[in-house]
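Everything below concerns the one structure shown next.
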Amino acid sequence: LDDGGRPAEAPAPLPPTPAARAMVEDYASTGLTLRRHPITLIRAELDRSGVVPVSALGGITSGRRTSVTGLVTTRQRPGTAKGIVFITLEDETGYANLIVRPDIRDRHRVLVHTGRVLTARGRLERSGQIIHLLVETLADAEPMLTAAVGRADDRAAAEHLAALGIRLDATAPTTTAPAGQIRLRSRDFH
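Just so we're aligned, residue -14 is where the sequence shown starts under my numbering, counting upward by one.
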């Protein structure tokens, strides 16, 4: 019985929120998550394509080319930097400092100014403990991350339905909602 003397209702058998969806909702509401880092959803794919975690940059020789992928946390274009843009990327292992020269900025203008999840390829520069990636190319990694969130949601939904005894056609989508997008708000300074 509830407080009013009526029979208590059983909780509705709603599926638990999939971890990937909860992560997207965290970013939408607070701009961060205390759950797994979003890049973990695509790490295997990144590893296969030769993109290293930020933590691996310390073991790479200065002057070598490498690639990293992460969420854009800051963008800076100081007036004294002669058109250079500094971008900080965050993956599940740490932060990478990117240096984007004016010619690269002009070639990738939209990504430099609005990209939220980027893959940067460039030459590693080391000065003591400080490591930078001098960017040669940029790519938008947000579609890859968005697709991974959708796949994770589909798996979680299928597992929940299977637990309820419901089997879906293997060719039918398991969710009707569009895949989630990480809405990261970077801290930009111009």
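For every residue, glycine included, the Cβ atom is placed at its ideal position computed from N, Cα and C. All of these numbers come straight from a predicted model, not from anything done at the bench.
Quiz item: In its own chain, which residues sit with a C-beta less than 7 Å from the C-beta of Gly79, not counting the 5 before and 5 after it?
Solution: Val39 and Ser40
Quiz item: According to DSSP, is Val134 helix, strand or coil?
Solution: helix
Self-check item: Cβ shell of Val85 (< 8 Å), same chain only, five flanking positions each side left out
Solution: Ile69, Val70, Phe71, Ile72, His93, Val97, Val120 and Leu123
Exercise. Could you tell me the distance, in whole angstroms, from the CA atom of Arg62 to the CA atom of Ala126?
Key: 22 Å
Practice problem: In the DSSP assignment, find the beta strand (DSSP E) that holds Val120 and state where it starts and stops. | Solution: Ile115 to Asp125
Self-check item: Whole-angstrom C-beta distance between Ser47 and Val36, which should lie under 8 Å
Solution: No, Val36 and Ser47 are not in contact; Cβ-Cβ is about 19 Å, not under 8 Å.
Quiz item: Under 7 Å between the Cβ atoms of Ala5 and Val134?
Solution: yes
Quiz item: Roughly how many whole angstroms lie between the Cα atoms of Arg136 and Pro(-8)?
Solution: 40 Å
Exercise. Consult DSSP for Asp54 and reduce its assignment to one of helix, strand or coil.
Key: The residue asked about is misnamed: residue 54 is Thr in this sequence, not Asp. Of the three classes helix, strand and coil, the one that applies to Thr54 here is strand, per DSSP.
Quiz prompt | Proximal residues to Gly43 (C-beta, below 8 Å), its chain only, five neighbours per side dropped | solution = Ile116
Quiz prompt | For Thr59, the nearest candidate out of Ser14, Arg108 and Thr99 (CA to CA) | solution = Thr99
Practice problem: Using a threshold of 7 Å, state whether the C-beta atoms of Arg111 and Arg50 are closer than that. | Solution: no
Exercise. Quick one: residues in its chain with C-beta nearer than 7 Å to the C-beta of Ala7, no 5 flanking neighbours on either side, listed in chain order?
Key: Arg20
Practice problem: For Pro(-4), count neighbouring C-beta atoms within 10 Å of its own C-beta (all shown protein chains included) and say buried if the count is 16 or more, exposed if not. | Solution: exposed
Self-check item: Other residues of its chain near Thr54: CB distance less than 6 Å, five sequence neighbours each side excluded
Solution: Leu31, Val36, Thr104 and Ala126
Quiz item: Nearest CA to the CA of Arg28: which residue from Thr18, Thr15, Ser14 and Leu56?
Solution: Leu56
Exercise. Specify the secondary structure class of Leu5 as computed by DSSP and reduced to three states.
Key: This sequence places Ala at residue 5; Leu is not what is there. Helix at Ala5.
Quiz prompt | Sheet register partners of Asp76 (DSSP bridge) | solution = Gly79
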